[in-house]
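Comments concern the structure below.
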Amino acid sequence: MSESQKTIEIEVLRYNPETDQAPHLQVFQVPFADDMSVLQGAQYIKDHLDGSLSFRWSCRMAICGSCGMMVNGEPHLSCQTFLRDYYPARVRIEALSHFPIERDLVINMEGFIDKLESIQPYIIPKEKRSLAQGEYLQTPEQLNAYEQFSSCINCMLCYAACPQFGLNADFVGPAAMALLHRYNMDSRDGAAEERMELVAAEEGVFNCTAVGYCSEVCPKQVDPANAVNINKTNAAKDYFLRFLSPKGGSK
Amino acid sequence: MKSGLKRSNAPIFWALFGGGGMLSALVGPMLVFITGIAIPFGLLLPEGAMSYPKMLAFAQNWLGKAFVFAVIALFLWHAAHRIFHTLHDVGIHAGVAARLICYGSAFVATLVSAYVLLGLGF
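Taken in order, these protein sequences are the chains called A and B. According to UniProt numbering, the residues represented by the first sequence are 1 to 251, in order. According to UniProt numbering, the residues represented by the second sequence are 1 to 122, in order.
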């Protein structure tokens, strides 16, 4: 490190389940360059200062959704958040809020994976087509109906942003609801009524109080708040009209 | 799909909340202006526009009755739901007690307003 080298302080939330009673903060001096992402700052710490620092990352270009963390208290993908936007002040990085910490910046995402499975995130065709019948065709308009909601990269920033998920971890939550909506809106899918059981359940959309922070922090402009609130209307219709036109699925 | 899911009864309260929100957005500001500013200061509206006999006649007409009832009841259900969720947001999870106080007061006020309005006759 030359004398003219600028440095930035990065404060990291550390937690080692084998030795620590509770998470605690540790400050590192990291050489600073204009083009360094917060992720690169964490990588510098791991490579040069403390090899025991644990965090998830992979693509470095906001595609994989692995490197989400709290940066100065706000959920961000650390690969597309730059140290220059904080320099010369200290930057604090912590594990994503509202999730149990496994170690350092690594959270336990089992609960989220269960939720993803519970929404049946795959196309369940209305009528199966045989190979001879060919592909399921879709118009550009039909694609438009769900495309935005298909951009989710499962980074869980929206869960770290959602105060209601923070209060009640059973809430299905923004990303899973956005993905549920993506399949419901797909012209090839016919399982919206089946999924309604979860939408209308106590774990479902009515936990949301329309705060909207989930959509603000989404790095892919998915707008999960919109998906959740459209499904409040759907669930309310289903609630009041289910006796008029009984359908399968929801009980 | 997860098993043992229980259907939420939230749509009832959410619908009342939504109805109250819609109604208050549409007529709330104008009602505040008419009853709180225009009438007391004698602006715009003719004198005696909200005199007792006129208001009584309004509340005795079935349409006027329905309007007064909707404004009172739906506004209160809207407020109850909003207050209940704001309590939750600020970290007060009083649960059943808060639920009873918020929605209970809206429920009681709804019954009282219905009773009084019907008591005024037609």
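Each residue gets a CB set at the ideal place from its N, CA and C atoms; glycine is no exception.
- Between tyrosine 86 of chain A and asparagine 72 of chain A, the C-beta spacing is below 8 Å.
- By the neighbour-count criterion, in which 16 or more other beta carbons inside 10 Å mark a residue as buried, leucine 179 of chain A falls on the buried side.
- Apart from the 5 residues on each side of it in sequence, isoleucine 45 of chain A sits with its Cβ closer than 8 Å to the Cβ of Ile10, Val12, Phe28, Val30 and Leu53 in its chain, given in chain order.
- Looking only at A/Tyr239, A/Phe32 and A/Leu105, the smallest Cα-Cα distance to lysine 6 of chain A is reached by A/Phe32.
- Here phenylalanine 112 of chain A is buried. Its C-beta has 16 or more other C-beta atoms within 10 Å.
- Shortest Cα-Cα distance from alanine 145 of chain A to any of A/Ala227, A/Ala236 and A/Glu117 involves A/Ala227.
- Against chain B, the beta carbon of glycine 204 of chain A has neighbours under 7 Å at Ser8, listed in chain order.
- When the alpha-carbon of valine 71 of chain B is set against those of B/Leu117, B/Gly4 and B/Cys102, the nearest one is in B/Leu117.
- Listed by position along chain B, the residues whose Cβ is nearer than 8 Å to that of phenylalanine 240 of chain A are Pro11 and Ala15.
- With a threshold of 8 Å between beta carbons, proline 163 of chain A makes contact with chain B.
- Leaving aside the five residues that flank glycine 48 of chain B on each side, the residues in its chain whose CB is nearer than 8 Å to its CB run, in chain order, Lys54.
- Of all C-beta pairs linking the region 147–159 of chain A to the region 198–205 of chain A, fewer than three are shorter than 8 Å, placing the two stretches out of contact.
- Under the 8 Å Cβ criterion, the region 127–139 of chain A does not count as touching the region 150–163 of chain A, having fewer than three qualifying pairs.
- Contact between the region 214–222 of chain A and the region 20–28 of chain B is not established, with fewer than three Cβ pairs separated by less than 8 Å.
- A straight line joining the alpha-carbon of valine 90 of chain B with that of glutamate 216 of chain A spans about 20 Å.
- With a contact defined as Cβ atoms closer than 8 Å, proline 46 of chain B and alanine 235 of chain A miss out at about 48 Å.
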